Amino acid sequence: MKADALRGHLDPMILAVVEHEPLHGYAIMEALLERSGGELDLPTGTLYPALRRLERAGYLASEWSTVGGRKRRTYQLTSAGAKMLASGKQEWLTFRAVVEGVLRPGQA
């Protein structure tokens with residue numbers, strides 16, 4: 001999948017992955033890959049800056065933990081993040097309907 005196609009949609013996808021349970025960065029990458037049928041194989045240089053941006057904006061909260069002797073940061077959705085996710089889902093439905101309307105003329 002082209003990176004340009006993700007522009008504007010990556011943040012809600014990340015929020016959706018942590019909607020029901022806190023996850024560490026690598027688990028978020030794996031969940032995105034799995035949920036996308038292998039299409040979203042994001043490099044760490046894309047995911048981790050997005051996670052930091054979402055945390056700074058108040059949409060994610062994080063905490064450090066040690067598992068198996070290794071430190072890792074776990075991210076969870078905040079109430080502001082839940083609102084942002086709901087908005088992102090609605091924006092996606094609108095965007096999808098618009099694109100489908102243009103690409104499939106005459107099929108309303």
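Heads up, the sequence shown is in UniProt numbering, so the first residue is 1 and it goes up one at a time.
Even for Gly, the Cβ is constructed at its ideal location relative to N, Cα and C.
Being a predicted model, the structure only gives us computed values, none of them experimental.
Run through DSSP, which three-state label would serine 62 get? As a working note, residue 62 is residue 62 in the sequence shown. Three-state result, serine 62: strand.
Measure the beta-carbon distance from glutamate 55 to serine 65 and round it to whole angstroms, keeping in mind my assumption that it falls under 8 angstroms. To locate residue 55, count along the sequence shown from 1; it is residue 55. To locate residue 65, count along the sequence shown from 1; it is residue 65. Not really, about 16 angstroms apart at Cβ, beyond 8 angstroms.
With respect to the beta strand (DSSP E) encompassing arginine 70, which residues constitute its N-terminal and C-terminal limits? As a working note, residue 70 is residue 70 in the sequence shown. 70-77 is the span of the beta strand (DSSP E), which, as asked, contains arginine 70.
Three-way DSSP call (helix, strand, coil) for valine 18 in this model: Here residue 18 refers to the residue found at position 18 of the sequence shown. Coil, per DSSP.
Could you check whether threonine 74 and histidine 24 sit closer than 7 angstroms to each other, using their CB atoms as the reference points? Start at 1 with the first residue of the sequence shown, and residue 24 comes out as number 24. Start at 1 with the first residue of the sequence shown, and residue 74 comes out as number 74. The Cβ-Cβ distance between histidine 24 and threonine 74 falls below 7 angstroms.
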